[in-house]
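Below is one structure, written out as structure tokens, with a few remarks after it.
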Amino acid sequence: GKMQTRLLLSLLLVPSWATCFTVNPQVAARLSSTAISATTSEDKRYYVGKQTPPLMESTTQRITLTRYLNTIVKEQPELIPLQSLFLSLQMACKTISNLVNRAGLVYGVKDRSLRDEQYQRDGRFYSMKRLDQLSTNVLRNALRFTGKVHMVTPSAIRFGEEVAEHQPGVLVASALDSNYVAVLDPMDGSGNADASICTGTVFGIFEESKDSEGDNGVSDDDETREQEHLVKSVLQPGKNMRAAGYCLYSSATVLVFTLGDSVMGFTLDPQLNEFVLTHPNLTIPERGNVYSCNEANSEGWDDSFKSYLKALKTGKNQSEQRYAHRYVGSMVGDIHRTLLYGGIFCYPADSDQHPRGNLQLLYKSAPMAFLVTRAGGKSINQEAQDLLEVQPERVHQKSPCFIGSPKDVAELETYLLQKDGGKKE
Numbered sequence: 098g099k100m101q102t103r104l105l106l107s108l109l110l111v112p113s114w115a116t117c118f119t120v121n122p123q124v125a126a127r128l129s130s131t132a133i134s135a136t137t138s139e140d141k142r143y144y145v146g147k148q149t150p151p152l153m154e155s156t157t158q159r160i161t162l163t164r165y166l167n168t169i170v171k172e173q174p175e176l177i178p179l180q181s182l183f184l185s186l187q188m189a190c191k192t193i194s195n196l197v198n199r200a201g202l203v204y205g206v207k208d209r210s211l212r213d214e215q216y217q218r219d220g221r222f223y224s225m226k227r228l229d230q231l232s233t234n235v236l237r238n239a240l241r242f243t244g245k246v247h248m249v250t251p252s253a254i255r256f257g258e259e260v261a262e263h264q265p266g267v268l269v270a271s272a273l274d275s276n277y278v279a280v281l282d283p284m285d286g287s288g289n290a291d292a293s294i295c296t297g298t299v300f301g302i303f304e305e306s307k308d309s310e311g312d313n314g315v316s317d318d319d320e321t322r323e324q325e326h327l328v329k330s331v332l333q334p335g336k337n338m339r340a341a342g343y344c345l346y347s348s349a350t351v352l353v354f355t356l357g358d359s360v361m362g363f364t365l366d367p368q369l370n371e372f373v374l375t376h377p378n379l380t381i382p383e384r385g386n387v388y389s390c391n392e393a394n395s396e397g398w399d400d401s402f403k404s405y406l407k408a409l410k411t412g413k414n415q416s417e418q419r420y421a422h423r424y425v426g427s428m429v430g431d432i433h434r435t436l437l438y439g440g441i442f443c444y445p446a447d448s449d450q451h452p453r454g455n456l457q458l459l460y461k462s463a464p465m466a467f468l469v470t471r472a473g474g475k476s477i478n479q480e481a482q483d484l485l486e487v488q489p490e491r492v493h494q495k496s497p498c499f500i501g502s503p504k505d506v507a508e509l510e511t512y513l514l515q516k517d518g519g520k521k522e
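Positions 98 to 522 (my numbering) are the ones given, in order, by the sequence shown.
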């Protein structure tokens with residue numbers, strides 16, 4: 098009667114009692130399946146195979162990165178050296194992901210126990226520098242672990258291009274048992290880590306150019322000669338890449354790459370500590386409704402680009418739809434969003450601070466352009482030239498870049514080619 102009703106209500110109102118109840122497994126399975134289908138029905142690109150409750154799903158149904166690479170090299174044995182590089186990258190990305198997740202705890206700007214003079218002036222600078230150095234060391238050690246990779250870190254001053262003071266520089270790695278060479282940016286967007294905003298690792302892999310084969314440089318020092326040889330071997334246009342990709346460290350750790358054909362995405366499962374396939378055969382939408390750029394630099398932009406942005410903001414563009422503005426400040430984060438949802442990422446030159454843009458062509462813009470192009474996108478520089486056709490002359494050379502959906506980039510191209518400020522008839 099009334100007593101039983103009061104008792105039932107009191108039990109339901111006490112949260113700590115919730116763990117005392119059990120649910121029929123068949124009912125739980127139906128409820129979980131319903132919940133999954135309700136939340137994922139809008140976009141099925143991120144899910145593979147039959148939908149089953151996460152806690153009841155057999156791990157044997159998941160395609161791990163290691164299993165995927167094993168399948169690929171069986172079909173294409175010439176990619177075995179690439180497999181070695183990717184497995185090293187996988188190990189490094191797992192470790193870097195853990196470092197990023199702990200950055201706020203270990204290197205937070207409020208940790209006053211640190212005595213470093215630079216830290217006392219600028220805690221964010223210290224954190225960026227420390228995280229960059231750690232990521233570089235992790236990546237270097239992971240590649241050395243294979244015993245088949247030689248690495249150098251080109252000097253920014255030596256090659257005539259300045260980089261940010263906190264940034265230790267790009268890694269150039271060579272597979273000793275093949276003719277593959279790689280450029281790797283260990284930590285993009287490290288200034289965001291303390292604020293728990295996404296960061297990432299970027300990489301591009303070339304086949305050693307014929308021009309660099311047998312070139313032992315001009316230095317008598319073996320180490321310097323090897324560095325000169327490796328640097329020359331990666332100074333190639335982006336179109337020559339054999340593979341490229343990035344690892345995004347955010348609410349999830351996602352490794353996205355291409356081996357030259359399709360684009361695949363793997364998400365780190367924290368329970369298995371394995372990358373599992375979640376984004377098979379990624380393709381970028383033909384057009385989006387988001388543009389991404391740092392509008393703080395807008396005073397130095399040329400009129401043609403300003404006119405393009407005005408058209409997007411007012412809806413007086415080809416799609417007749419007003420665009421939204423999204424800018425993370427980490428290229429990996431902005432490109433990842435653009436790849437999934439469409440739109441355009443822009444980093445133009447500006448006459449005030451960045452006359453050549455602010456992103457390095459060889460190890461930032463070109464790998465991203467190669468990846469997005471393989472997903473059906475497009476990339477150009479400020480002269481409306483295909484970004485993958487640009488020949489870098491220095492490792493740290495910068496270039497304006499525009500990467501995104503093919504129709505969005507094509508529309509921007511019409512503005513950049515017009516000399517009247519991009520005004521449309």
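We put the CB at the ideal spot given by N, CA and C, even for glycine.
If G342 and V353 are in contact, beta carbons under 8 Å, what's the gap, nearest whole angstrom?
5 Å
Quick one: is D431 buried, meaning 16 or more other Cβ sit within 10 Å of its Cβ, or exposed? buried
*Examine the Cβ distances between the segment 421-430 and the segment 283-303 and report whether three or more of them are shorter than 8 Å.*
yes
*Quick one, which of G357, E304 and K171 has its alpha-carbon nearest V329's?*
Per the sequence shown, residue 329 should be read as Lys rather than Val. Of the residues G357, E304 and K171, the one whose Cα lies closest to the Cα of K329 is E304.
Host beta strand (DSSP E) of D285 (start-end)
Run containing D285: Y277 to D285, per the beta strand (DSSP E) assignment.
Margin query: Can you tell me which residues form a DSSP beta bridge with L374?
Written below: F363
Checklist entry - Relative to the C-alpha of V387, which residue among L436, R423 and S404 is closest? => result When C-alpha distances from V387 are compared across L436, R423 and S404, the shortest belongs to R423.
- Task: Identify every residue that forms a DSSP beta bridge with S476.
- Result: I500
If you draw a straight line from the alpha carbon of Q230 to that of T380, how long is it in whole angstroms?
34 Å
- prompt: Taking Cβ to Cβ, would you say L513 is nearer than 9 Å to Q488?
  reply: No; because the gap between Cβ atoms is not below 9 Å, this pair is not in contact.
May I ask you to report which of helix, strand or coil DSSP gives R423?
coil
Practice prompt. Find the nearest neighbour of K336 within the set L176, I193, F467 and L166, judged by alpha-carbon distance.
Written response: F467
> Is the Cβ-Cβ distance between L182 and A270 less than 9 Å?
Replying inline: yes
- Going straight from the alpha carbon of N378 to that of Y405, what length do you get? 31 Å
Check: Can you name the residues that DSSP bridges to S389?
Finding: DSSP, once it has assigned bridges, lists F442 as partnering S389.
Identify, in the order they occur along the chain, each residue of the same chain with its Cβ nearer than 8 Å to the Cβ of K141, setting aside the five sequence neighbours on each side.
Because the pLDDT of K141 is 47, which lies under 50, any placement of that residue in the model is unreliable, and the number read from its coordinates should be weighed accordingly. Contacts found: none.
Query - Rounded distance between the beta-carbons of T355 and R471, thought under 8 Å - result: The beta-carbon distance between R471 and T355, rounded to whole angstroms, is 4 Å. This is short enough to meet the 8 Å contact definition.
query: Q457 by DSSP, collapsed to three states: which one?
result: Assignment of Q457 by DSSP, reduced to helix, strand and coil, places it in the strand class.
Tell me which same chain residues have a C-beta within less than 7 Å of the C-beta of N414, skipping the five on either side of it? Here the set comprises A408 and E508.
Enclosing alpha helix (DSSP H) for I169 [first to last residue]: L162 to E172
Item to check | Per-residue burial, D505 [other beta carbons within 10 Å of its own, 16 or more giving buried] | outcome: buried
### Query
Taking the DSSP output, what are the residues bridged to I177?
BP columns for I177 are empty, so no partner.
Using DSSP with H/G/I as helix, E/B as strand and the rest coil, what is R491? The answer is coil: DSSP assigns R491 none of H, G, I, E or B.
Handout entry: Coil, strand or helix - S271 by DSSP
Key = strand
Next item on the list: Put L332 into one of helix, strand or coil per three-state DSSP.
Entry: L332: coil per DSSP, three-state reduction.
Exercise for review: Could you round the C-beta distance between G439 and G385 to whole angstroms and report it? I think they count as a contact, below 8 Å.
Suggested key: 3 Å
Measuring CB to CB, does L365 end up less than 9 Å from S194? yes
- Query: Which value, in whole angstroms, describes the spacing of the CA atoms of E417 and E383?
  - Reply: 15 Å
Tell me which residues share the same chain as E510 and place their Cβ nearer than 8 Å to its Cβ, disregarding the 5 neighbours each side in the sequence.
Closer than 8 Å at Cβ, skipping near neighbours: I477 and A481.
| task | Let me know the alpha helix (DSSP H) ranges lying completely inside the segment 391-421, each 4 residues or longer, listed in chain order. | result | 400-411
Quiz item: For the putative contact between S462 and L437, defined by C-beta atoms under 8 Å, what is the C-beta separation to the nearest angstrom?
Solution: Their Cβ separation, rounded to whole angstroms, is 19 Å, which puts S462 and L437 out of contact at 8 Å.
If you draw a straight line from the alpha carbon of L374 to that of R339, how long is it in whole angstroms? Roughly 21 Å between the two C-alpha positions.
Using beta carbons (cut-off 9 Å, strictly below), is F303 in contact with chain C? No chain C is part of this structure, which consists of one protein chain only.
Does C190 come out as helix, strand or coil in the three-state DSSP assignment? helix
Point to revise | Anticipated Cβ contact below 8 Å, K403 with R453, distance rounded | key: Between R453 and K403 the Cβ distance is about 19 Å, and since that is not below 8 Å, they are no contact.
### Message
Rounded to whole angstroms, what is the Cα-Cα separation between L327 and L456?
### Response
21 Å
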